[in-house]
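Input: a single structure, listed below in structure tokens.
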Amino acid sequence: MTYDAIIIGAGMSGLAAGIRLAQYDRRVIVVERHNLWGGLNSFYTLGGRRFDVGLHALTNYAPPGTKGVPLTRVLRQLRLKHEDLRLGEQRCSEILLPDLRMTFTNDFEHFRAEVARAFPTEVPGFERLVQAVRDYAIGQDRPADQSARKVLPEFLGDPLLREALLVPITYYCSAREDDCDWHSFVILFRSMFLEGLSRPDGGVRTLLNLLIKRFKQVQGELCMGNGVRRILVDGGAARGVELEDGTLLEAELVLSSAGLTETMQLCGRQDLVRPADVGRITFVESISILDRLPEECGHVAATSFFSTGVPLRYRPPSDGLVDVASGVISSPNNFVSDQPPEEGCMRLTFLADHDRWCALEEDAYREAKAREVERAIATAAQLTFDWRPYTVFQDIFTPRTIRHYTGHVNGAVYGSPHKRHDGSTQVDGVFLCGTDQGYLGVIGALVSGISMANRYALVSA
Amino acid sequence: MTREEIIIAIKDIIETIAPDEETANLDPAERLRDQIDLDSMDFLDIVMELRKLYGVQVPEEDYKELATLNGCVQYLEPHLSDKPLHCAAQA
Chain A
0 MTYDAIIIGA GMSGLAAGIR LAQYDRRVIV VERHNLWGGL NSFYTLGGRR FDVGLHALTN
60 YAPPGTKGVP LTRVLRQLRL KHEDLRLGEQ RCSEILLPDL RMTFTNDFEH FRAEVARAFP
120 TEVPGFERLV QAVRDYAIGQ DRPADQSARK VLPEFLGDPL LREALLVPIT YYCSAREDDC
180 DWHSFVILFR SMFLEGLSRP DGGVRTLLNL LIKRFKQVQG ELCMGNGVRR ILVDGGAARG
240 VELEDGTLLE AELVLSSAGL TETMQLCGRQ DLVRPADVGR ITFVESISIL DRLPEECGHV
300 AATSFFSTGV PLRYRPPSDG LVDVASGVIS SPNNFVSDQP PEEGCMRLTF LADHDRWCAL
360 EEDAYREAKA REVERAIATA AQLTFDWRPY TVFQDIFTPR TIRHYTGHVN GAVYGSPHKR
420 HDGSTQVDGV FLCGTDQGYL GVIGALVSGI SMANRYALVS A
Chain B
0 MTREEIIIAI KDIIETIAPD EETANLDPAE RLRDQIDLDS MDFLDIVMEL RKLYGVQVPE
60 EDYKELATLN GCVQYLEPHL SDKPLHCAAQ A
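From first to last, the protein sequence lines stand for chains A and B.
Under numbering that gives the first Met the number 0, the first residue of the first sequence is numbered 0, with each subsequent residue one higher.
Under numbering that gives the first Met the number 0, the first residue of the second sequence is numbered 0, with each subsequent residue one higher.
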């Protein structure tokens, strides 16, 4: 079979790229190893309950019709309607550091006032930072991969305020250890603070269902449960792919959301991957279903980003399975919604070490999951409330689960610390989309698929 | 298509790709970008829709010719004069 383009992975970026190409009559197939779409942001049913993985919240919230923002752009490009996403805005979110609690909402003035309240002398610097973030364009002023930790002191003198910004941003995007690059910092600052957080009613499957429906409507071809065994390369250029069942698909254009390292492996060119390109940031997440709503226990935050020490320690733990000193607490109940989840739910995400989790035997693995999550919730409980007595059901996933479902080496959630902003690889006709191309979050992943498809399959064709 | 119909065709495409934009009062001599919210991705879609609906190929170096409605008419007239308008606005 010959295609105009083969897309690897039915996650957000792959589906978005597929829609763009099929919409303009390109012969396109999206190939997915698993039987479920979504990739890093997917869903499952367990014990009669529906769970989401990945997505805590959609960043980049904007009301319908807002000009010039990523959400509007994505909806236009994919011909989706804002109302069909059924977005519920966050009530508020919080940043919890030693002796500091700041909240933010989808109204940036609220956060501005919080900064002025907690750091009155930092207001002028903060305003300069906001202006720099608004004016930023990639490729201008400074290298995209410059350290945010190094740049921020140009604006903010108080290390605690720098940390208050870095904790949520780093947790929501960074593939880089103990840091975040300036480009990512700026994009996330816009998408979390200047824009905001929301959640589709029904969770991630609402968005995924829209994407799948649209892809089918424009007659895109979806191949599930049959992954790519290798990318066929001849004379340094892509010729197609071979699937796990031996099927050969031909195309001179392959858009891969598998990740930089993983894509080079599929090309048989591991030699092109530098050790520094391989990410290690990965997490354990627990999802607890409660017999009451978090707000009945006084907890109204949609997300709580915490670190019990400063500066934030953001790397795989050196001495154990997990690091419970920092994390993200998320409650899907705390978004304003017409159809809120019926049961209370608390999710907790914290840093983990991939290799140690993967070395465990089955019994030890199960026991470690329960033990480490217990320890993590005990820490989080001191900052919010203790939901253990109200928990009626719990599920946990680890770096092992993440590796299985995303195929990322090391279960690296955010992929490679070195992003390829133009999507190019050393193999002609093979381009990256998704995590390793460098757009961030769910909306970012959609932008990634769209822009790579536009650039390499529509404009240049 | 007449020149007037080409304008209808372009406005119809804009309404398809950017349903939240109002096209009724566009000044044909002014840059589209200065009147409504259209970015380079949207211009790409105008070109893609022209190709899909009317089989017109606009090479990348000519995108700039489409900056105004008058520019669109000027550039597209030779390609569209023998093609019928077939879009929602016609019905």
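C-beta atoms are modelled at their ideal positions from N, C-alpha and C, and glycine is treated no differently.
Below-8 angstroms beta-carbon distance, residue i vs any chain A residue
i: Glu64(B); result: no
i: Ala17(B); result: yes
i: Ala8(B); result: no
i: Met47(B); result: yes
i: Asn69(B); result: no
i: Ala88(B); result: At Ala88(B) the pLDDT is 46, less than 50, meaning the model places this residue with poor confidence and gives no usable figure here.
Coil, strand or helix - residue i by DSSP
i: Met0(B); result: coil
i: Gly87(A); result: strand
i: Gln89(B); result: Confidence is the limiting factor: at Gln89(B) the pLDDT is only 44, short of 50, which leaves the residue's position unreliable, though a coordinate-based value still follows. In this structure, Gln89(B) counts as helix in the three-state DSSP scheme.
i: Thr498(A); result: A question about residue 498(A) goes unanswered here, because the residues of chain A that appear run from 0 up to 460.
i: Met101(A); result: strand
i: Thr1(A); result: strand
i: Asp427(A); result: strand
i: Gly443(A); result: helix
i: Glu249(A); result: strand
i: Ser450(A); result: helix
i: Ile5(B); result: helix
i: Ala66(B); result: coil
i: Cys296(A); result: helix
i: Glu366(A); result: helix
i: Ile328(A); result: strand
i: Asp33(B); result: helix
i: Glu220(A); result: strand
i: Arg462(A); result: For chain A, the structure presents residues 0 to 460; residue 462(A) sits outside this window and is missing.
i: Tyr60(A); result: coil
i: Thr205(A); result: helix
i: Phe118(A); result: coil
i: Thr378(A); result: helix
CB contact flag (residue i, residue j, <8 angstroms)
i: Leu445(A); j: Ala61(A); result: no
i: Gly433(A); j: Gly10(A); result: yes
i: Ile401(A); j: Gly410(A); result: yes
i: Glu176(A); j: Ile280(A); result: yes
i: Val52(A); j: Asn40(A); result: yes
i: Pro331(A); j: Gly201(A); result: no
i: Arg419(A); j: Gln393(A); result: no
i: Leu193(A); j: Phe107(A); result: yes
i: Ile13(B); j: Thr1(B); result: no
i: Leu43(B); j: Leu457(A); result: yes
i: Leu289(A); j: Trp386(A); result: yes
i: Lys222(A); j: Ile442(A); result: The identity of residue 222(A) in the sequence shown is Cys, whereas the question assumes Lys. Result no, Cβ atoms of Cys222(A) and Ile442(A) do not sit closer than 8 angstroms.
i: Ile45(B); j: Leu65(B); result: yes
i: Gln425(A); j: Arg238(A); result: no
i: Glu241(A); j: Gly226(A); result: no
i: Pro27(B); j: Ile6(B); result: yes
i: Ala375(A); j: Val412(A); result: no
i: Gly406(A); j: Glu261(A); result: yes
Cβ of residue i within 8 angstroms of any chain B Cβ
i: Asp51(A); result: no
Which residues DSSP lists as bridging residue i, in chain order
i: Pro58(B); result: Beta-bridge pairing links Pro58(B) to no other residue.
i: Cys344(A); result: Ile288(A)
i: Ile6(A); result: Val29(A) and Leu254(A)
i: Gly37(A); result: Gly10(A)
i: Ala351(A); result: Thr281(A) and Val321(A)
i: Asp394(A); result: Ile286(A)
i: Arg199(A); result: Reading off the sequence, residue 199(A) comes out as Pro, not Arg. Note: Pro199(A) sits in a beta bridge opposite Leu86(A).
i: Ile230(A); result: Val240(A)
i: Leu20(A); result: Leu20(A) pairs with nothing; no bridge assigned.
i: Glu93(A); result: Thr102(A) and Ser303(A)
Chain B residues whose Cβ lies nearer than 8 angstroms to that of residue i
i: Val458(A); result: Leu43 and Glu59
i: Asp24(A); result: Lys51
Neighbouring residues, chain A, relative to residue i (Cβ below 7 angstroms)
i: Asp36(B); result: Lys66 and Gly67
Residues that residue i contacts on chain A, provided the C-beta gap is smaller than 8 angstroms
i: Met40(B); result: Arg72, Arg75, Gln76, Ile449, Ser450 and Asn453
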